[in-house]
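These notes concern the structure reproduced below.
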Amino acid sequence: MKCPYCDATGTRMETHAHLGREHIDRVRTFRYEPKDQLRFALDCPFCEEGLERVANPRGREPGFLEEFHREIALVAFDLLLYHLHAAHAELVGLPAIPPEASQESAG
Ligand SMILES: [Zn+2]
Ligand SMILES: [Zn+2]
256 MKCPYCDATG TRMETHAHLG REHIDRVRTF RYEPKDQLRF ALDCPFCEEG LERVANPRGR
316 EPGFLEEFHR EIALVAFDLL LYHLHAAHAE LVGLPAIPPE ASQESAG
């Protein structure tokens, strides 16, 4: 497959490692004040449907984001790869998922 951000190619695993090495700055981490949570967000390079998740439901530990930014980024890129596979498979050179194979219930 091809990296969604540059021309690097490799297996899905290699691309995942490449994303964590070369594109870690694409993952934004921030504090969600209303719930005092630490969250991360990552935009899809091909559509408006970015992803956002809670990284740590209790956002009180100082240094959490710095310490775990890499782990958070790898989780975010894993989610992005699932999204790319499901929505933009041909753009990154992944085999498209046949409709009957993607019957996991949403939510
Ligand atoms: Zn790249
Ligand atoms: Zn997308």
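Quick note: to get this note's numbering, add 255 to the position in the sequence shown (first position is 1).
For every residue, glycine included, the Cβ atom is placed at its ideal position computed from N, Cα and C.
If you're wondering where the values come from, they're calculated on a predicted model, not measured in any experiment.
Apart from the five residues on each side of it in sequence, which residues of its chain come closer than 6 angstroms, Cβ to Cβ, to residue 311?
293, 319
Could you tell me the distance, in whole angstroms, from the CA atom of residue 295 to the CA atom of residue 270?
20 angstroms
For residue 333, which residues in the same chain have their Cβ closer than 8 angstroms to its Cβ, ignoring the five residues on either side in sequence?
271
By the 10 Å Cβ neighbour count, where 16 or more other Cβ atoms means buried, how is residue 268 classified, buried or exposed?
exposed
With a threshold of 8 angstroms (Cβ to nearest heavy atom), would residue 258 be considered close to ligand 1?
yes
Best match in 339, 352, 347, 353 for proximity to residue 262 [C-alpha to C-alpha]:
347
Could you tell me the alpha carbon to alpha carbon distance between residue 309 and residue 280, rounded to whole angstroms?
18 angstroms
Please report the distance separating the alpha-carbon of residue 352 from that of residue 287.
34 angstroms
Does the Cβ of residue 299 lie closer than 8 angstroms to at least one heavy atom of ligand 2?
yes
Grab me the residues of residue 321's own chain with a C-beta within less than 8 angstroms of its C-beta, minus the 5 sequence neighbours each way, in chain order.
none
Any non-hydrogen atom of ligand 1 within 8 angstroms of residue 343 CB
no
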